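> Okay, here's the structure, questions in a sec.
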Amino acid sequence: MDWPAVKARREGLPADQQVHYHAFPYLHDEMGLALAAADLVVSRAGASTLGEFSIFGLGAILVPYPHAWRYQKVNADFLAGRGAAVRLNDEDLKMKLLPTLRELLHDPARLSAMGVAARASAVPDAAERIAAELVALAGARP
2 MDWPAVKARR EGLPADQQVH YHAFPYLHDE MGLALAAADL VVSRAGASTL GEFSIFGLGA
62 ILVPYPHAWR YQKVNADFLA GRGAAVRLND EDLKMKLLPT LRELLHDPAR LSAMGVAARA
122 SAVPDAAERI AAELVALAGA RP
């Protein structure tokens, strides 16, 4: 990310638009707050990240990292196929990202439906399920 260009873009906006423009080079402890405040996410499509969007019930525009073999495409297609996301390819960003953002942000019913679909794909107790399976497997040893 060209962080100076991102900051310059914000500074070039009218004041009433600057208050709605929130870009960060990295979030750590604040990520949960940012996701809770978000209406829509634009992101790569790593599995852990998508799990967070689902837990928060957030629709997303997903851009699979083109050099990550194909797993990010599969991840993005999983949520897109359930109505929780729109998938854009890296090479299409310049032409399609802004129109897609506008379309989604001006359609509250679709954003809401995407959030519902995202939450429906969540498995909040996944860690417990995996742990239970591991304990069962460990106990099944001869």
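This note's numbering puts the first residue of the sequence shown at 2, with every later residue one more than the last.
Ideal Cβ placement from N, Cα and C applies to all residues, glycine included.
Note that this is a predicted model, so its numbers are computed, not measured.
For the segment 105–140, which segments carrying the alpha helix (DSSP H) assignment without a break, of at least 4 residues, lie completely within its bounds, in sequence order?
Listed in chain order, they are 109–121, 127–140.
> Are Gly60 and Ala110 touching if we call contact CB-CB under 8 Å?
No; because the gap between Cβ atoms is not below 8 Å, this pair is not in contact.
> Tell me whether Glu81 sits in a helix, a strand or coil according to DSSP, three-state version.
Residue 81 is actually Ala in this sequence, not Glu. Three-state result, Ala81: helix.
> Using alpha carbons as the reference points, say which of Val43, Val124, Arg83 lies closest to Asp91.
Ranking Val43, Val124, Arg83 by Cα distance to Asp91 puts Val43 first.
> With DSSP as the reference, please indicate the residues paired to Ala39 in a beta bridge.
Looking at the DSSP assignment, Ala39 forms no beta bridge with any residue, so it has no partner.
> In angstroms with no decimal places, state the Cα-to-Cα distance between Gly58 and Arg103.
Spanning the two alpha carbons is a distance of roughly 20 Å.
> Going by the beta-carbon positions, is the gap between Leu98 and Leu80 smaller than 8 Å?
Not a contact, by the Cβ cut-off of 8 Å.
> Which residues does DSSP list as the beta-bridge partners of Val87?
Note: Val87 sits in a beta bridge opposite Ile62.
> Let me know if Ile131 comes out buried or exposed under the rule of 16 or more other beta-carbons within 10 Å of its beta-carbon.
It is exposed - the Cβ of Ile131 has fewer than 16 other Cβ atoms within 10 Å.
> Please report the straight-line C-alpha distance between His107 and Ser122, rounded to a whole angstrom.
Going from the Cα of His107 to the Cα of Ser122 covers about 24 Å.
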